Amino acid sequence: MQQLRIQIFVISTFLFSILPVVVHAQGSCNWVLSGQVIDEHNGEALGFSNVYIKELEIGAVSDENGFYKISGLCSGTYTVQVSHVGCAPVLEKVQVVKNTTQNFHPEHHAEELNQVMVISEKRTEETSQVALTLTSKEMEETKGKSLGESLKKVTGVTTLSTGNSINKPVIHGLHSNRIMILNNGIRHESQQWGNEHAPEIDPFIANELTVIKGANSMRYGPDAIAGVILVNPKEMRTEPGLDGEVNLVGFSNGRQGVASAMFDGNLKEVPGLSYRLQGTYKKAGNVHSPDYFLKNTGLEEYNFSWAAGYNRSNFGVEAFYSQFNTDIGIFSAAHIGNLTDLKRAFNSPVPLESADFTYAIERPYQHIEHELFKASAFVTTGNSGKLNFTYARQYNKRLEYDKDKPLNDSLAALNIPELQFEITTHTGDVVWEHFRTHNFKGSIGLSGISQGNTYSGRYFIPNFKKYGGGIFWIERWKPDSSKLELEAGIRYDYIYQQIYKWEDDVIISPIHQYQNMSANVGGIYHINKDFLLRGNAGLAWRPPNVNELYSDGVHHGAAAVEIGDPNLVEEQAYNFLVSGEYSKNKLRLGVDVYYNYMNNFIYLKPEQPPKLTIRGAFPTFYYRQVDASLKGLDFTFEYQLSKSFNWTTKASMLRAINKTEQEYLTQMPADQIENALEYKFPKDFKNIKDAYLAVSVLSVMKQWRVPPNSDYVAPPEGYTLVEFQAGMAVPLGEHQMNIGIGISNLFNVSYRNYLNRFRYYTDDMGRNFSLRLQIPFSIIAPK
Amino acid sequence: MMKKINWKLGILAAAAFTLTLNSCKKDDDVIDTPDHDHDEEVITTLTLTFTDAAGVEPSVSATFRDPDGDGGLDPDIHDTIRLADSTTYNVAVTLLNESETPAEDMTPEIEEEADEHLFCYTVSGANVGITRTDSDGIYEIGLESDWVTGAPSNGSVQVVLKHQPDSKNGSCDPGETDIEVTFVTEIQ
């Protein structure tokens, strides 16, 4: 490791030394730079924008029509930063050798999102797809929860859970390898072959969570056939100083405590050098359903990250490192020996194992570690664009401990995990982004991946090596004051995978190769300033995952034998999305309609006969391919009833059909609707600001759209949950401390969620009080 | 002022350094040689040995064997129990792990943890009465049992081994199922 870090240091030093130096030409010093600041997406003039020349440290503010003027400039090339409230700052190189007119187009950009705070749930205007970002209020209210749980705030996103602590995000009914998570710009690579494998990401790293719905494979490679989740950290500090934030969250259920701290600094002595240090600790004990404790449902999590960056106007380098560690207790009563046990567990009104409260984590449990190291650099290429380099290494280790230790005492004493997996991934990207020219803005790039996986213990998936490469080109066309914007992208990928597994005491090493094109075309049409339409059509693919090819064994806890098929071919998705948004005065309305057709959709099909083992007969599931269609609707409605009251309705529905067998697909989220009423205190009370109260009512229907006899037990009944939230800001020195209170499942309703695997064994969590404190502080104040 | 700042920065740097010492772990396993000789403990074989208490009828046995464990290949032995009518048999259970060479006898491991294990026998159709004859001190175990056969008949006997850590109460309900095998049974 030390060696790697030295290498990186050498490489970055090298990069520094070859970077071009901007030389200011000498000459006349009377030139005027002027122009207009225009909103990138709707062509509206942006009044009161800041236009700032970095080299000279001078600037101007645009007038109400967006016009600005800076005079007295010498000949030369300048870096101009243009910022406007709600937009990401725009950095552009401008050459001034005469009186120059230059317009600027500040914007939101989903993939670049280096910007500041999200002010209200705002759809990312930049893309013809639907990209939804959690509002700062939603971020606040989900603090302390897992990533998957936090993302549920987005309409159309649900979770596939294994108990209360393992939550996998599901977008439009699809999950795992069909969606991609970009953690700080890096595709998250871990053991993605089980439903009980949640993303190993600390949400406290992010100050922005965005979900892009629909196929989006152009920029980041295959797999993202259902959507992308962007986990973006706050931008590094740009002004000298050192400050930070402490977050403390407590939950009554599970008596969970979470503490997270972040330090953000920038050195005065070395302008442009910024650094960050962040860490989180989480501890929870057994959670409680309305009627009983759930045995062995505690968890412990400890994460930290650091980042350092050196940014100048024409180049920058950045390094980021994060580590995620967790121990998750697996609910004891959900660990069963065979189908008879499963049926008995289900027929029992209470779980077959009971417990009191404890923080102790016993077998069965999982221990997971995830590391990410990222190094990135950019350099501007004259006035035309900028070249980005990114390298990342990820290491994921997963240990699974069965419920029972081995019978043999000496073996038991070793406490070896029954399953162990380690996966190491290297990814690299080179992307050239060109600035806006002739109304076109785009990027072209190359990406590569190398991955190695090993297992020890009980066989479930084999060892493998994987190499992949891709090339892409994306362009956007957006003339000034045009009602129409268009975008298109194309990508080619090649993947080589070699498997290593034992078969009859011989190692076999079959090779799988996949290659395919992805493409995407879309547009945005502004009917008028209140109403816009979006349309997007995408072609995406996904190679079969290693568990789909080679798994062979009993899936413990699921009481099922899962058998892979090495002859599976790529999944091919055709994705269509139409969305309309209307926003006028007090009303906001958004409707997204999607249709996703998939050829060779891979799924687990129950087949006869059951597999006979010494533990009885297990139902057997084979990975099979069919054609599938998923269509649905996401709906949001917001109305400001009065100055203080705000009404929100969010609803989503999905119809997922196995076209080949003409039946429903299993494990799809049921239709749901959430209504919320928020009351904002109209004026500040003494020093207390931004106080609000909110009540939301979530109703989830029964998922009756399942094929007959596809499951051991019928899907559970629908349910309605009420949640209460309140928050306020109180002064704390020169800062404001945010205080929040939440009560989820207010009426302590007993319910079971179809997408929670533990629904076979237990009710979901009961009422849960939470208290959140966000405490900002300064150590070195900016001068 | 400056000194104070340096001191604070120093703490941050020290913290970052300490944390990073623990980082960048490596996978030391070799990818092209998957793990093979791990000591996974599986019960592959269940054998019931029947001895006539009166010493008249010949001893018989019945075995269920799945040498590669759960999943994979199907069981290669799944005998039928054939017993003489109107006879009392002393029955002993043997458990083996035949995924290893030489095969490991797992029966002593169960005896050692007798207070966590219980064998349950369920008869259907056949004329046979089964009574466990051993004890862990409080409750029966079922490694040894008496089978009393009646008139000739056909049916089945299900043998279940329950693992009942901290929950053994003499009943078959608690715990997790370690073994569940059904033998076709003929009383001749």
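Line by line, the protein sequences give chains A and B.
Each residue of the first sequence is one higher than the last, beginning at 1 in my numbering.
Each residue of the second sequence is one higher than the last, beginning at 1001 in my numbering.
Backbone N, C-alpha and C fix where the C-beta goes; we use that ideal spot for every residue, glycine too.
Keep in mind it's a predicted model, so treat the numbers as computed, not measured.
Partners in chain B for residue i, counting only beta-carbon separations shorter than 9 Å
i         : result
A/Val-561 : Asp-1070, Gly-1071
Contact with chain B by residue i, beta-carbon distance below 8 Å
i         : result
A/Leu-399 : no
A/Tyr-455 : yes
A/Thr-340 : yes
A/Pro-349 : no
A/His-197 : no
A/Asn-247 : no
A/Val-622 : It should be noted that the sequence gives Tyr, not Val, for residue 622 of chain A. For A/Tyr-622, the answer is no, since every Cβ of chain B falls outside 8 Å of its Cβ.
A/Phe-373 : yes
A/Glu-369 : yes
A/Lys-784 : Summary: the structure shown does not reach residue 784 of chain A, with chain A confined to residues 1 through 783, and so no result is reported for it.
Under the three-state DSSP convention, the category residue i falls into
i          : result
A/Ser-809  : No answer is possible for residue 809 of chain A: the residues shown for chain A start at 1 and end at 783.
A/Phe-685  : strand
A/Pro-606  : strand
A/Asn-675  : strand
A/Ala-729  : strand
B/Ile-983  : Chain B is shown only over 1001 to 1188; residue 983 of chain B falls outside these bounds and no answer can be derived.
A/Lys-234  : coil
A/Trp-31   : strand
A/Thr-390  : strand
A/Trp-704  : coil
B/Gly-1072 : coil
A/Leu-160  : strand
A/Asn-50   : strand
B/Trp-1007 : helix
A/Ala-345  : helix
Chain B residues whose Cβ lies nearer than 7 Å to that of residue i
i         : result
A/Thr-424 : Asp-1027
A/Asp-552 : Gly-1071, Gly-1072
A/Lys-605 : Chain B residues near A/Lys-605: none, gap ~17 Å exceeds 7 Å.
A/Pro-462 : Pro-1034
Test: residue i CB closer than 8 Å to a CB of chain A
i          : result
B/Pro-1034 : yes
B/Glu-1141 : Reading off the sequence, residue 1141 of chain B comes out as Ile, not Glu. So, not an interface residue.
B/Phe-1050 : no
B/Ile-1179 : yes
B/Ala-1092 : no
B/Pro-1152 : no
B/Pro-1067 : no
B/Pro-1075 : yes
B/Thr-1044 : yes
B/Phe-1064 : yes
B/Glu-1041 : yes
B/Cys-1120 : no
Proximal chain A residues relative to residue i, where beta-carbon distance stays under 7 Å
i          : result
B/Leu-1012 : Phe-263, Leu-277
B/Glu-1109 : Leu-407, Asn-408
B/Ala-1126 : Simply none; closest approach about 19 Å.
Chain B contact residues for residue i, given Cβ-Cβ distances below 8 Å
i         : result
A/Gly-452 : Asp-1027, Ile-1031
A/Trp-502 : Pro-1034, His-1036
Any non-hydrogen atom of the ligand ZN closer than 7 Å to residue i Cβ
i          : result
B/Pro-1102 : Although the ligand ZN was asked about, the structure shown includes no ligands whatsoever.
Anticipated Cβ contact below 8 Å, residue i with residue j, distance rounded
i          : j          : result
A/Gln-401  : A/Glu-418  : In the sequence as presented, Gln is not what sits at residue 401 of chain A; that position holds Tyr. With 8 Å as the limit, A/Tyr-401 and A/Glu-418 qualify as a contact, their Cβ atoms being about 6 Å apart.
A/Phe-315  : A/Thr-380  : 7 Å
A/Val-249  : A/Gly-144  : 3 Å
B/Thr-1049 : B/Thr-1094 : 7 Å
A/Met-236  : A/Ala-131  : Contact doesn't hold; Cβ gap of about 23 Å is too wide.
Chain A residues whose Cβ lies nearer than 8 Å to that of residue i
i          : result
B/Glu-1176 : His-335, Ile-336, Gly-337, Asp-341, Lys-403, Asp-404
B/Ala-1103 : None at all; the shortest Cβ gap to chain A is about 14 Å.
Below-8 Å beta-carbon distance, residue i vs any chain C residue
i          : result
B/Glu-1113 : In the displayed structure, chain C is absent; the protein chains listed are A and B.
_Any contact between the stretch 159-169 of chain A and the stretch 353-364 of chain A? By contact I mean 3 or more CB pairs, one from each, below 8 Å._
no
*Check whether the stretch 1151-1166 of chain B touches the stretch 1181-1188 of chain B, counting contact only when three or more Cβ pairs, one atom from each stretch, lie closer than 8 Å.*
yes
*Indicate whether the contact test is met: 3 or more Cβ pairs, each with one atom in the stretch 329-343 of chain A and one in the stretch 372-391 of chain A, closer than 8 Å.*
no
_Assess contact between the stretch 209-222 of chain A and the stretch 533-542 of chain A, defined as three or more Cβ pairs (one per stretch) separated by less than 8 Å. Is contact present?_
yes
_Cβ contact (3+ pairs, closer than 8 Å) linking the stretch 190-206 of chain A and the stretch 506-517 of chain A_ = no
*Pair every Cβ in the stretch 699-710 of chain A with every Cβ in the stretch 663-673 of chain A, then say whether three or more of these pairs are closer than 8 Å.*
yes
_Whether or not the stretch 178-187 of chain A and the stretch 672-687 of chain A are in contact is what I'm after, with contact meaning three or more pairs of Cβ atoms, one per stretch, closer than 8 Å; do they touch?_
no
*Within the chosen definition, does the stretch 559-577 of chain A reach the stretch 591-599 of chain A through at least 3 CB pairs nearer than 8 Å?*
yes
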